[in-house]
Structures are given as structure tokens and as C-alpha cells.
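2 protein chains.
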Amino acid sequence: MIGVDWGTSSFRAFRIAEDGAVLERRQAPRGILSVADGAFAAVVHELTGDWLRDGEGRILLSGMIGSRQGWRESKALPCPAGIDDLAGALTPVPFDAARAFIVPGLSAQDGQGTPEFMRGEETQIAGVLPSIGANGLVCLPGSHSKWVRVARGRIADFTTHMTGEAFAALADHTILGRMMQGSREDEDAFDRGVSRSADPGGLLHHLFGVRTLGLAGRLADPAARSYLSGLLIGHEVRTAATGVPADRPVHLVGEAALCRLYVRALAACGHAAVVETGDAAVLGLARIGGLVTWS
Amino acid sequence: MIGVDWGTSSFRAFRIAEDGAVLERRQAPRGILSVADGAFAAVVHELTGDWLRDGEGRILLSGMIGSRQGWRESKALPCPAGIDDLAGALTPVPFDAARAFIVPGLSAQDGQGTPEFMRGEETQIAGVLPSIGANGLVCLPGSHSKWVRVARGRIADFTTHMTGEAFAALADHTILGRMMQGSREDEDAFDRGVSRSADPGGLLHHLFGVRTLGLAGRLADPAARSYLSGLLIGHEVRTAATGVPADRPVHLVGEAALCRLYVRALAACGHAAVVETGDAAVLGLARIGGLVTWS
Chain A
0 MIGVDWGTSS
10 FRAFRIAEDG
20 AVLERRQAPR
30 GILSVADGAF
40 AAVVHELTGD
50 WLRDGEGRIL
60 LSGMIGSRQG
70 WRESKALPCP
80 AGIDDLAGAL
90 TPVPFDAARA
100 FIVPGLSAQD
110 GQGTPEFMRG
120 EETQIAGVLP
130 SIGANGLVCL
140 PGSHSKWVRV
150 ARGRIADFTT
160 HMTGEAFAAL
170 ADHTILGRMM
180 QGSREDEDAF
190 DRGVSRSADP
200 GGLLHHLFGV
210 RTLGLAGRLA
220 DPAARSYLSG
230 LLIGHEVRTA
240 ATGVPADRPV
250 HLVGEAALCR
260 LYVRALAACG
270 HAAVVETGDA
280 AVLGLARIGG
290 LVTWS
Chain B
0 MIGVDWGTSS
10 FRAFRIAEDG
20 AVLERRQAPR
30 GILSVADGAF
40 AAVVHELTGD
50 WLRDGEGRIL
60 LSGMIGSRQG
70 WRESKALPCP
80 AGIDDLAGAL
90 TPVPFDAARA
100 FIVPGLSAQD
110 GQGTPEFMRG
120 EETQIAGVLP
130 SIGANGLVCL
140 PGSHSKWVRV
150 ARGRIADFTT
160 HMTGEAFAAL
170 ADHTILGRMM
180 QGSREDEDAF
190 DRGVSRSADP
200 GGLLHHLFGV
210 RTLGLAGRLA
220 DPAARSYLSG
230 LLIGHEVRTA
240 ATGVPADRPV
250 HLVGEAALCR
260 LYVRALAACG
270 HAAVVETGDA
280 AVLGLARIGG
290 LVTWS
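Respectively, the protein sequence lines represent chains A and B. Each step along the first sequence adds one to the number in numbering that gives the first Met the number 0, with nothing skipped, and position 42 is 41. Each step along the second sequence adds one to the number in numbering that gives the first Met the number 0, with nothing skipped, and position 87 is 86.
The structure is reproduced here in C-alpha cells:
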């Protein structure tokens, strides 16, 4: 089987054996935003043509390729949903050289009825479910961080925090940006930001403090970016991990450096964390693909 | 006396009589950022030269003209401070055609020791103090909204919320911006945003809801900007007005349309509000100038 993790900015393909072993992998900067005129089939031929000619007849895709801007808009299954539900609700896409399907996304609602959507993360969670067990909390940090509750081995519900994207907008497009020249990773400043997020006054007040601490000589410019990062991640973690027992670790899935920051922030908030290693997307594609009736 | 309200992007000058009456006013897009090589004296000559030739020998300036990027960096008086303290701590600036002074800014600390600064707002507050009385809460909404506690007729302390600038960064530089095309003022959407700010989950989670409500067809693109505005102002008001008795109105000082939004948000949070009309900056310059020993 060929598994494809196709996001907004990158394309990753894997040749996966029957037993789930990854035989070969490749990637290219060919995210869906780079594909003109819906020529997705041509990109698959270009980047995996040798595998297809070699006899691969099954392709499973996940990620933003299933969005409105992708190849075909895939379903958004309502939570709770298990891996079997994902495998049973694939969206076929027209392709001349193999059977090709897109994994569905998921939908949910927060406690106040505001809708939630994910597309791509469901496959990553499917990949790490075996190490989470029947019940647990998973965090996938990033531009739009997802906090996912697993119950009875299924994805029960989830919430999203726009932390990474808010960070970039605030660091690059507000007066705080003047302090962000020549920044470097600064763990102490990050910890100070996380600590500050526990104070009263709210995030909008805390943001201005980044500037006033600088003006007062109490936060050096090179440390400001890490402080802001800690402030935002601290706000996210404090609300998202509310009610999680301290002895139940949060499972982190994502880029290693970012996961390390979340481990620090969670620890400061009294929560244990486990960083899931391994490539969650390809693990998930393999697991879902193993449940599909291809014939 | 000539009063000058000189900010980052605009220059406003007033010819003020002994009794505080404004005899003449003019303005120009000559904020301090537009003045090259520190040529502030030349701008004053250019824009008020006729008044100077007419015999005016006193100039009182307030605003960012007293910042590090201005004519001279003025003091930042620690709170609490009264109008007499402001008038007694002016910073002289070298000027050949009149005695010229800059009103000091103010400094404070929030409950956790994070520094606060204002420069220009102290003069606006001086202008509206007579209508506030001995004790009250003043809000000056804007890019960096100030919430100022007045006690015994003096400025007791204040906090800043980076609401306006965060709004611009989020609306213009995140995925939410895609929804903001062709936006118009929408009071219902603003109220929905204010209401949403009371929900649990935190601002970073609520921000993502702007997008998901749109994807779900529950928030139309033209209404998204007002919803986001209500969400942010709601977060600000709920934290800044905490502990204010419902029967004590918040005094709003600022641009009329923005004040109207804050009145709506405060009402939704159970607070009365009074919009201070009149030009607070010139009123303040006149009041402070009246206390200065010019000779």
C-alpha cells in the first residue's frame, strides 16, 4: 500500500508492507496549495510513479488533501469515532493507476456547542492509540493545537487552540515584534512566560506586559520571543488540561522541539507528559489501511 | 498658552485662553514618527508660527513627544499621582520662541508587579477628572486600552490590555483574515462575540471558534470581524472590570464609535458606562497648564 500524508505545504509518501512496516519513504514541498488546477493525480504519478509501476494498487491519503481545497472533500465523522469508523468512511478519489481513498476528518463540539474540526490529526491519533491505551488525553501542538480525549479506545472529543498562529501574528505584526530581533531559545524566559499565564488579568493584559517588562529592563530583547511563547502555551495548557488528574500523563504528538516546550509548560502546571516518538501519520495510515476492505 | 497633543501619527495644537477656553485649534499628520532628525522645533514653528508671532510664550506638550523617540524623554511619575503632581514634574525642552514643557507620563504596577506605563493618557484623564469625581474607573479603549482607577481625585493605578493591536494582527495576519473580506459593522455578531468571551476554554480556543463557526455556516463572513471584535473586547472587559460594583459606571474616554462598542460590551457584562464627551486631551492640557508656574 502507498500511504500519503498530504498537507497544506508538504507531501509525504510511504510504501507500507502488509505488516505495517515502512519499506520506503519520500517527501516533497508539494503541499496542496502548490498544486494548480486540481492536478493532484499528476503529482501522485510524478512522486510515486515507480511504486505504481512496481505493482502497488492501493493508495490511502490523509490530511488537507481531503479539504475543500484538496482533491476531494472527504467526510467529517462526528465524534466519538474509532479507527474502524475511520476505515469504514473513506472517500474514493478518481485515479487511473490504483484504488485511492482519503481518510475522513472528524467533527465535535465543545461544551458550549461551538463546532470543532480536524483533518489529518485523526490519522496521527490512530497511529499512537496503541501506546495511549483505552483512556487518555493527547495534545498535538502547532498552529492550531488539538487536545483530544480518548475514551474506550476511541476519539471521544477534542478542542482546538489557535496558539501557534496567534504567536506568529503577535510576534511579527505588533509592537512586540520590535523586541523579537535576534531572538534565541531561552528556557528561563519561556518558564517565566508560563508562570505569568497563571496570573489574573487575562491574556490581553499579559501581552502588554511583554513590552513593559522590556521597557523596564526586566526582559531582554533576545529573550522576548521565548517569553511570549511561554505565555501563550501557558494559557493554552492551563485551560486545555483543566480537570486532568496530575498522575495521568498528557501524550504529546508533534515536532520534537515543540513537544519539549509543551513538556516544560505542562510540568510547570503540575502535569506529567509523554512524548510519542515515531511517525504518527504513517503509523496511522498503516493501521487504518490494514482495516480497509480493498477488494 | 499653546497646548500640543503630539502622538505617534498626528499633531494637534490648541490656542488656549487663561480661563481654559479653546480659542483656535488645528491638526496635521505630523506625528513624531514623521519627524526626521529630531526637527521637532521646526515643526512647532511651521504649524504654530503665527500664534508665536502673535505673542504666545507658553507651550505645553503631551503624548509620545515625551517618549524616547520624541523631543525629550519626559519623566514617568509613579502612581498615585494627581494633576498637581503632573504640573509639578514637567520636562523643559529647548525652544527659541517660547517656554516649552512636556507633561510627564505615569508608571504603575499590576497586582503581580508587572510594570505599567502611560504617556498621553494621563493628560486625557486630567481633562475628564472633574466629571468622574473623587473615585471611579476610567477606560480609554484603543490599540493599548488603559483601565485607570481614580481614588481621592488622583490616578491611583492602571492596567493595559493590548486589545486593539491584537485584533488587527489576528484579523489581518491569521487564517481568520480570509473571513474578514467585505466586513461591515454587525451589532448582533459583536454581541455574540462578547457573549462567547464568558465561556470556558480561554481566548486561544475561542479564536479558533471564529473559523469553525464560519466553516459550519453559523457565522457569515461579513459578520466575522464584528464577532472577533466582540470576543476580544469581551475578554478585556470581563477581566478589567472585575470587582467593579454594577452600579458604579465605567467612564469611557476615546473615539466615539469605539466607545459605543465598549458601552455594549460593558452592558452585556452587567456594567453601566458613561461616555465622556469633549476633547479630553485639550481639556487636560488646559487644566495642567493652569497649575504651572510659568514665570
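Ideal placement from N, C-alpha and C gives every residue a C-beta, glycine not left out.
>> Alpha carbons only, please: which of B:THR173, B:ASP246, B:SER294, B:GLY69 is nearest the one belonging to VAL34 (chain B)?
In response: B:GLY69
> At a cut of 8 Å, does the stretch 82-95 of chain B reach the stretch 132-150 of chain B through at least three beta carbon pairs?
Replying inline: no
>> Does the structure place the stretch 56-65 of chain A close enough to the stretch 203-221 of chain B that three or more beta carbon pairs sit under 8 Å?
In response: no
> Can you tell me where the alpha helix (DSSP H) with VAL236 (chain B) in it begins and where it stops?
Replying inline: 220-239
> Going by beta carbon distance, what residues of the same chain come within less than 7 Å of LEU290 (chain B), once the five residues before and after it are set aside?
Replying inline: ILE82, ASP83, ALA86
> Any contact of the stretch 244-256 of chain B with the stretch 223-233 of chain B, i.e. 3+ C-beta pairs under 8 Å?
Replying inline: no
> Name the chain B residues whose beta carbon is nearer than 9 Å to that of GLU235 (chain A)?
Replying inline: Those within 9 Å of GLU235 (chain A) in chain B are GLY201, LEU203, HIS204.
>> I'd like to check one pair, ALA150 (chain A) with LEU105 (chain A): are the Cβ atoms closer than 8 Å?
In response: no
>> Which same chain residues end up closer than 6 Å to ALA96 (chain A) when comparing Cβ atoms and leaving out the 5 residues on each side of it in sequence?
In response: LEU51
>> For a quick check, are the C-beta atoms of SER61 (chain B) and ASP18 (chain B) less than 8 Å apart?
In response: In this structure, SER61 (chain B) sits away from ASP18 (chain B), with a CB-CB distance that is not shorter than 8 Å.
> Between the C-alpha atoms of GLU275 (chain A) and ILE1 (chain A), what's the straight-line distance to the nearest angstrom?
Replying inline: Rounded to whole angstroms, GLU275 (chain A) to ILE1 (chain A) spans 23 Å at the Cα level.
> Residues of chain B with CB under 7 Å from PHE116 (chain A), in chain order?
Replying inline: Those within 7 Å of PHE116 (chain A) in chain B are THR211, LEU214.
>> Quick check on the DSSP output: the alpha helix (DSSP H) that includes GLU164 (chain B) runs from which residue to which?
In response: Under the DSSP assignment, GLU164 (chain B) falls in the alpha helix (DSSP H) whose first and last residues are 162-172.
>> I need the straight-line Cα distance from LEU257 (chain A) to ALA167 (chain A), nearest angstrom please.
In response: 14 Å
> Going along the chain, which unbroken runs of the beta strand (DSSP E) with 3 or more residues stay wholly within the stretch 59-126 of chain A?
Replying inline: 75-77, 90-92, 98-101, 104-108, 114-117
>> With a threshold of 8 Å between beta-carbons, can HIS143 (chain A) be considered close to chain B, or not?
In response: A Cβ of chain B is located within less than 8 Å of the beta carbon of HIS143 (chain A).
> Counting Cβ pairs closer than 8 Å, one from the stretch 280-289 of chain A and one from the stretch 249-266 of chain B, do we hit at least three?
Replying inline: no
> How is GLU45 (chain B) classed by DSSP in three states: helix, strand or coil?
Replying inline: helix
> Helix or strand or just coil, what does DSSP make of ASP190 (chain B)?
Replying inline: helix
>> Once DSSP output is grouped into helix, strand and coil, what is the label at THR292 (chain B)?
In response: coil
> Looking at the C-beta of ASP278 (chain B), does it have a partner C-beta in chain A at a distance below 8 Å?
Replying inline: No, because no Cβ of chain A sits closer than 8 Å to the Cβ of ASP278 (chain B).
> Which chain B residues sit within Cβ distance under 7 Å of ALA168 (chain A)?
Replying inline: Ordered by position in chain B, the residues that pass the 7 Å Cβ test against ALA168 (chain A) are ALA168, LEU169, HIS172, THR173.
> From what residue to what residue does the alpha helix (DSSP H) around ALA264 (chain A) run?
Replying inline: ALA264 (chain A) -> alpha helix (DSSP H) spans 255-267.
> Beta carbon of GLU115 (chain B), beta carbon of GLN108 (chain B): below 8 Å?
Replying inline: Yes, they are a contact pair.
>> Is it buried or exposed, THR173 (chain B), if we count other Cβ atoms within 10 angstroms and call 16 or more buried?
In response: buried
> So which residues of chain B does ASP198 (chain A) contact, with C-beta pairs closer than 7 Å?
Replying inline: GLN111
>> Taking 8 Å as the cut-off, does the stretch 171-187 of chain B touch the stretch 215-223 of chain B (at least 3 CB pairs, one atom from each stretch)?
In response: yes
> Per DSSP, what kind of secondary structure is ALA205 (chain B) in: helix, strand or coil?
Replying inline: Reading off the sequence, residue 205 (chain B) comes out as His, not Ala. In the structure shown, HIS205 (chain B) sits in a helix (DSSP, three-state: H, G or I).
> How many Å lie between GLU23 (chain A) and VAL42 (chain A) at the Cα?
Replying inline: 18 Å
> For ALA35 (chain B), does the three-state DSSP call read helix, strand or coil?
Replying inline: When secondary structure is reduced to three states using DSSP, ALA35 (chain B) falls in the helix class.
> When burial is assigned at 16 or more other CB atoms within 10 Å of the CB, is TRP146 (chain B) buried or exposed?
Replying inline: buried
>> With a threshold of 8 Å between beta-carbons, can GLU121 (chain B) be considered close to chain A, or not?
In response: The beta carbon of GLU121 (chain B) does not come within 8 Å of any beta carbon belonging to chain A, so the residue lies off that interface.
> Whose C-beta lies closer than 6 Å to the C-beta of MET178 (chain A) among residues of the same chain, with five residues either side of it excluded?
Replying inline: If we look at MET178 (chain A) and ignore the five residues flanking it on each side, its Cβ neighbours are GLY213, ASP220, ALA223.
>> Less than 8 Å between the C-beta atoms of VAL236 (chain A) and LEU260 (chain A), yes or no?
In response: no
> Using CA coordinates, which residue listed in B:LEU139, B:ARG153, B:GLY277 is at the minimum distance from THR162 (chain B)?
Replying inline: Closest option to THR162 (chain B), Cα to Cα, is B:LEU139.
> To the nearest angstrom, how far is it from the Cα of SER66 (chain B) to the Cα of ARG153 (chain B)?
Replying inline: So the two alpha carbons sit approximately 23 Å from each other.
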